[in-house]
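Trainee: 1 is the number of the first residue of the sequence shown in UniProt numbering; add one for each residue after it. Glycine residues also receive a C-beta, built at the ideal position from the N, C-alpha and C atoms. Please read these numbers as outputs of a predicted model, since none were measured by experiment. Could you have a look at this structure, given as structure tokens, before my questions?
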Amino acid sequence: MPNVMPDQADTYKCFATNEYGQAMVTVVLNVIEVGFNKNKVSQQTQAKDVDFNTVLKRKSKICRKSEQTQKKEGEIDPRFWELLMSTDKKDYESICSEFGVSDFRWMLKKLNEMKKEREEEQAEFVRNLSNLRPIQVNADGTASFEIDMDLIEPSSRIFLYKDGEMIPYTKEMGDKMKHSLRQVGKKYIFTMRELVSDDAGLYQLDVEDVTMFSTDFKVPMVDFLVKIQEVKAVEREDAVFECVLSHPSSKVSWFGKNVLLEQGEKYDIEVSEDKLIHRLVVKDCMAVDKGIYSACAGIRSCNSWLLVEADKVGGKKSARKTTRAGGSGIDLQKVAEQQQIKLEKEREERKEQIKAAKAAAAVAHPPETPIKAPALKKPVTKESEPGGEAQPPALEFPCSTSNRCITTSLKDPEITSGLPDVYALCGNKAELSVKLNVDCEGAWFKDGEQLTSGAGVTITKNSTCHKLLIQNCTEGSSGIYRFQSGDLSTQGKITIGEVPEFDPEDLHKFSKPVIIRVGQNATFKMVFPTQESMVVSWFREGTEIKDGGGLKIVREPNHSRLLFRDCLRSDAGEIRIQIKNPFGVAAATSHLIVLDRPSPPEAPVETVETTSSIIVIKWKPPKDDGGSAVTNYIIEHQQVGQSLWKKLGSMSAENTSFRDRNVTHGKKYNYRIYAENPEGLSDALETNGSIMAGVMILSGPPGTPKVESASKSCIKLTWTPPEDDKGVPIIGYLLEKRKKDTTEWITLNDVSEPIEDVKYAVKQVTEGAEYEFRVSAINESGSGDPSTPSAIVCAKNPNRRPYFKDPGDFIVVRAGNSLRIKICYEAEPPPEITWLKNDEPISPWIQVINSESMSQLCIPSSKRSDSAMYTIKTKNCEGEALFDVEVRVTDEPKTPGPVELEQTSQGKVVVSWAPSPDEELDDRLYYVVTQHDSNTRVWKTVADRLFTHTYMANNILPGTEYHFRIYAKNDMGLSDPSQSPTWGVNNNRVPIASKRIYSSKVCFERPPSILVPLKVHTPPKGYQLYMTCAVRGCPTPSVSWYLNDVCINSDKNYFITNLCGVCSMYILRVQPTDSGEYKVVALNSLGKAECSTKIIVQE
1 MPNVMPDQAD TYKCFATNEY GQAMVTVVLN VIEVGFNKNK VSQQTQAKDV
51 DFNTVLKRKS KICRKSEQTQ KKEGEIDPRF WELLMSTDKK DYESICSEFG
101 VSDFRWMLKK LNEMKKEREE EQAEFVRNLS NLRPIQVNAD GTASFEIDMD
151 LIEPSSRIFL YKDGEMIPYT KEMGDKMKHS LRQVGKKYIF TMRELVSDDA
201 GLYQLDVEDV TMFSTDFKVP MVDFLVKIQE VKAVEREDAV FECVLSHPSS
251 KVSWFGKNVL LEQGEKYDIE VSEDKLIHRL VVKDCMAVDK GIYSACAGIR
301 SCNSWLLVEA DKVGGKKSAR KTTRAGGSGI DLQKVAEQQQ IKLEKEREER
351 KEQIKAAKAA AAVAHPPETP IKAPALKKPV TKESEPGGEA QPPALEFPCS
401 TSNRCITTSL KDPEITSGLP DVYALCGNKA ELSVKLNVDC EGAWFKDGEQ
451 LTSGAGVTIT KNSTCHKLLI QNCTEGSSGI YRFQSGDLST QGKITIGEVP
501 EFDPEDLHKF SKPVIIRVGQ NATFKMVFPT QESMVVSWFR EGTEIKDGGG
551 LKIVREPNHS RLLFRDCLRS DAGEIRIQIK NPFGVAAATS HLIVLDRPSP
601 PEAPVETVET TSSIIVIKWK PPKDDGGSAV TNYIIEHQQV GQSLWKKLGS
651 MSAENTSFRD RNVTHGKKYN YRIYAENPEG LSDALETNGS IMAGVMILSG
701 PPGTPKVESA SKSCIKLTWT PPEDDKGVPI IGYLLEKRKK DTTEWITLND
751 VSEPIEDVKY AVKQVTEGAE YEFRVSAINE SGSGDPSTPS AIVCAKNPNR
801 RPYFKDPGDF IVVRAGNSLR IKICYEAEPP PEITWLKNDE PISPWIQVIN
851 SESMSQLCIP SSKRSDSAMY TIKTKNCEGE ALFDVEVRVT DEPKTPGPVE
901 LEQTSQGKVV VSWAPSPDEE LDDRLYYVVT QHDSNTRVWK TVADRLFTHT
951 YMANNILPGT EYHFRIYAKN DMGLSDPSQS PTWGVNNNRV PIASKRIYSS
1001 KVCFERPPSI LVPLKVHTPP KGYQLYMTCA VRGCPTPSVS WYLNDVCINS
1051 DKNYFITNLC GVCSMYILRV QPTDSGEYKV VALNSLGKAE CSTKIIVQE
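This is how it looks when you write it as structure tokens:
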């Protein structure tokens, strides 16, 4: 690209393509116009329409350093106006002080005119310009400034300048070039990387030829002597980062996770008086606060981690802690003092060098007649800069080749010490002093009027020193004083005032202490007279209080308030308010008392005395009484091995010892002591270990354990008490076991659960294993010496012949059901088992199940043919045993045959019947006879267990009808009855001829009817219920009971009877499910009758 032009500046891309794909590279071309081009200028001058803006395009109004010329008298640096037009009003004063401008009214008027012109120029290229953020250093070590700019033409060119020189920048390769400009929507962000001291200067952003924004980047020469260190904090604890700077700085930028941190409720930013030590306090740390924190001072930065560990309090939210974690771990105050001494020494050395150079020059070249120099304004040093450090003037040593030049400069009159601003109290003296380098006359002025000695003002001159003394200052003495000598002048301001004071009544109210409880809020308020330049500060225990966290400070013109939120005990102390003006300081003191429960008594708990009946303990009072005096102590004790704590009593605050008489000799006890004040009980102070009552006296060894019996699951032991119990009663024994060929003894019971008897059945054994046992006696002091081990015993059953345990010898089974014969036995070793049926081997289809100590014969579906005598035979090496079981498989018997009646004599009837078909199959079948007569109308059993087929009925009365029923009965129950013919009136009467005489027949048959109906009942839940009704009919009707139309005659929950027509139903305990409609239905061959009622069960 030969002869490249500015309009060719752009982003260029190069593409390379083959059959495998495509590659691309991007490059940015910035064209900067430098130097002077004759041809271009001549072409522009020959144009018809001369555009001077084009000629001056891309030239900053700020001259380059190489082009800057010496300023004339009264001329102001253009940088001054550029900075004012892009900064906030709050920064006007510091900028004016830096450039030596004192006429603020003229400055504001001039600035408004320039702003109006600049806004008109900007309106040609931008619609809106806002959010001008000055340049500042970021946490990542870069510096940047931001501006919101809405361009009218997006293609408008943007230029960046530093001290009047254009600087190249990139829009796409921001991580590769030093300067970059990134656009996000309407926001433009300028970033500068790899900061060095040469990067300081005035930066401007122009659109075409109009300046949009200017900002001054200052790089203080400061470094970190002590960097911040990693901090590990527990949740709800404060974390502290500390650093020490090499030079004083009023502000350090703190960043957390790349976000700028500010003073507030979460963070405290502290600076020492010498401005060397800086602290960041992260209050009430939580898990979300974990991350990297950094501190930036100038272009230097350091960073470190904050690690937050969880507070191990299961299931509960932990309380706010008053402790702080972190810090540098070294004495920062000592490091700062050493650095302060070093800086002071450097200043003194510079001053000595200046004095020596001036003295040498004065000796070599005596001063000549002074040459008039332009008037100087009040000297301005870097001390007036916020956060700046006073720097002595640069040294200029004499040069051998320019001695004449130096001689000329020494003759020029200069003001070596100008007028300062003075604050004086009414009635006191005030003095102004000016020093020049030559002896010359001068005049004093106040607010433009010349002053002379007299009227309380004294003007003196001593060689090169001029002084003005005001003997008795009044309010009229305030003003601007100026000293002028020829063209030299300097001015200063005298302000007369008074030391601030508090009203005595307000001071008395404030001095009263504020008393609150923990968790409450505390407020302090102090009223003071309204004054200008009043600075109000609050202190707690001599440390200044910052606004934020649980503290809030409200400052008003005539009063100030301090609020403590959710006070802790650590907030208690002296509270002091200080008001300060240039004339003095006034302070008022109060106290904050936070009441709380006392802290636990101070450890440790000392054992003063211990005997068999007394334990005496001693403790120390708590370190913190909670703000109110401790009234008493509460003591509890717990016996070791028990869970119950027992309150022993309460002691007055004067006594810090306790005598416990409620102890048992040999027992151990734990103690808890509580301190109590009007706010409540403290946490408990517990003893580190248990305390024994008296001296430990252990019993002697018992007798050797002996084995009474042994089996595979249990070994029974017995032993004798110890011969020597040492005079202490034995409360039990401790038993131990050990397997053969092992060394470990295993306890079978705990000392707290002693074996009270001298015998014990050990069930914790393994079959076939061999054991030995020993026993120790337990008294109040514990377990004593063990006995000698017992003989080794094996856990197995002894050999014995088979033995049956409580077998049953008769079993009845209904045909079709399963048949199971279970026989339990004991035998060692296990026997051989054989089953026989009628002394013959059982069929193969019969199942036999043998298990340990039991044998079972099972027939899944039994038949009558399975009835037999079954025999179980067991045999081992010790002998054999037999047992017989009779099994009868049967069913309900069939009905006997027809019944015949025959009268053999007066009052006797022979009842005979045919046998039941099951009689041949069941030899245990017998018969039951029941009788019914017309007088009683009740069936009653007259004969039972009849093995014959006849029965003689006695006491048969004439004129009475008799009926008989015959039942067959076996082990399963009764058969259906076989009815007999009716025996009774005129059964054997001889018929008589009627002779045409007819008699009318009388019929007693009638359908059922209800004589007494059911009644309504409302019984309570759980009570008894009895219902009755009366029914009649012939033949006797059958009666059925219904609940909600469901027959309940066969339900076992209801007891139903029918006696001579009186029908009753009984419920033992009624339930809500018994509520409903009950109905009684009487039915015979002639008809039906019914009645109903409702039952309501009350709950």
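Here's a check: name, in chain order, each residue in its chain whose Cβ is nearer than 6 Å to the Cβ of residue 833, leaving out the five neighbours to either side.
Mentor: Answer for residue 833: 850, 855, 874, listed in chain order.
Trainee: How is the alpha helix (DSSP H) around residue 85 delimited, first residue to last?
Mentor: That run of the alpha helix (DSSP H) goes 78-85.
Trainee: May I ask you to report which of helix, strand or coil DSSP gives residue 854?
Mentor: Three-state DSSP puts residue 854 in a strand.
Trainee: If you check the beta carbons only, do residue 274 and residue 229 fall under 8 Å apart?
Mentor: Not closer than 8 Å, so no.
Trainee: Which whole-angstrom value is the C-beta distance of residue 444 and residue 469, which I expect to be below 8 Å?
Mentor: Not confirmed; about 11 Å, so no contact.
Trainee: Quick check: what's the CA-CA separation for residue 1051 versus residue 972?
Mentor: Their Cα atoms are separated by approximately 22 Å.
Trainee: Does the separation of the CB atoms of residue 940 and residue 918 fall below 8 Å?
Mentor: Cβ distance not < 8 Å, so residue 940 and residue 918 don't count as in contact.
Trainee: Beta-carbon separation of residue 1014 and residue 1093 under 8 Å?
Mentor: Contact flag set, yes.
Trainee: Can you tell me which of 1049, 774, 872 puts its alpha carbon nearest to the alpha carbon of residue 735?
Mentor: It is 774 whose Cα lies nearest to the Cα of residue 735.
Trainee: Identify, in the order they occur along the chain, each residue of the same chain with its Cβ nearer than 8 Å to the Cβ of residue 1109, setting aside the five sequence neighbours on each side.
Mentor: The first residue shown for the chain is 1 and the last is 1099, placing residue 1109 beyond what the model contains.
Trainee: Excluding sequence positions up to five away, which residues of its chain have a Cβ less than 8 Å from the Cβ of residue 614?
Mentor: Contacts found: 659, 660, 661, 663, 693.
Trainee: Within 8 Å, do at least three Cβ pairs link the region 415-433 to the region 456-475?
Mentor: Verdict: yes, contact present.
Trainee: When you compare only the Cα positions, how much space is there between residue 704 and residue 787?
Mentor: So the two alpha carbons sit approximately 6 Å from each other.
Trainee: Let me check one thing: in DSSP terms, what residues is residue 588 bridge-paired to?
Mentor: Bridge partners of residue 588: 577.
Trainee: From residue 540 to residue 519, what distance separates their C-alpha atoms?
Mentor: Their Cα atoms are separated by approximately 18 Å.
Trainee: Report the option in 208, 151, 668, 200 whose CA atom is closest to the CA atom of residue 183.
Mentor: It is 151 whose Cα lies nearest to the Cα of residue 183.
Trainee: Compute the Euclidean distance between the alpha carbons of residue 988 and residue 1040, then round it to the nearest angstrom.
Mentor: Residue confidence for residue 988 is low, a pLDDT of 47 falling below 50, so the modelled location carries little weight; the figure read from the coordinates is stated next. About 39 Å.
Trainee: In this structure, how does DSSP classify residue 913 when only helix, strand and coil are distinguished?
Mentor: Residue 913: strand per DSSP, three-state reduction.
Trainee: Take residue 303 and list the residues in its own chain whose beta-carbon comes closer than 6 Å to its own, dropping the five residues that flank it on each side.
Mentor: Around residue 303: 292, 294.
Trainee: Give the DSSP bridge partners of residue 99, in chain order.
Mentor: Answer is none; residue 99 lacks a bridge partner.
Trainee: Pick out whichever of 160, 839, 914 has its Cα sitting closest to the Cα of residue 949.
Mentor: Nearest C-alpha to residue 949: 914.
Trainee: From the DSSP output, in three-state form, read off residue 933 for me.
Mentor: Residue 933 falls in the strand class under three-state DSSP.
Trainee: May I ask which residues mark the beginning and end of the alpha helix (DSSP H) holding residue 117?
Mentor: Residues 104-122.
Trainee: Would residue 569 and residue 681 qualify as a contact pair, given that the criterion is a beta-carbon distance under 8 Å?
Mentor: No. Outside cutoff.
Trainee: Could you give the residue range of the beta strand (DSSP E) that holds residue 648?
Mentor: First-last of the beta strand (DSSP E) with residue 648: 646-652.
Trainee: Within 10 angstroms of its Cβ, does residue 180 collect 16 or more other Cβ (buried), or is it exposed?
Mentor: It is buried - the Cβ of residue 180 has at least 16 other Cβ atoms within 10 Å.
Trainee: From which residue to which residue does the beta strand (DSSP E) around residue 949 run?
Mentor: Run containing residue 949: none; DSSP gives neither H nor E here.
Trainee: Taking all protein chains shown into account, do 16 or more other C-beta atoms lie within 10 angstroms of the C-beta of residue 197, making it buried, or fewer, making it exposed?
Mentor: Under this definition residue 197 is an exposed residue.
Trainee: With a cut-off of 8 Å, do at least 3 Cβ pairs link the region 740-750 to the region 714-723?
Mentor: Short answer: they don't touch.
Trainee: Mark residue 800 as exposed unless 16 or more other C-beta atoms lie within 10 angstroms of its C-beta, in which case mark it buried.
Mentor: Looking at its Cβ environment, which holds fewer than 16 other Cβ atoms inside 10 Å, residue 800 is exposed.
Trainee: Considering only C-alpha positions, which residue in the set 131, 219, 714 is nearest to residue 767?
Mentor: Out of 131, 219, 714, 714 has the C-alpha closest to the C-alpha of residue 767.
Trainee: Under DSSP, the alpha helix (DSSP H) around residue 511 begins and ends at which residues?
Mentor: Where residue 511 is concerned, the enclosing alpha helix (DSSP H) stretches over 504-511.
Trainee: Report yes if the C-beta distance between residue 871 and residue 882 is below 8 Å; otherwise report no.
Mentor: Against a cut-off of 8 Å, the Cβ pair of residue 882 and residue 871 comes out as a contact.
Trainee: Here's a check: name, in chain order, each residue in its chain whose Cβ is nearer than 6 Å to the Cβ of residue 270, leaving out the five neighbours to either side.
Mentor: 279.
Trainee: Using the Cα positions of residue 1019 and residue 635, report the straight-line distance between them to the nearest angstrom.
Mentor: So the two alpha carbons sit approximately 60 Å from each other.
Trainee: Rounded to whole angstroms, what's the CA-CA distance from residue 769 to residue 761? Just pull it up for me.
Mentor: Those two C-alpha atoms are separated by around 16 Å.
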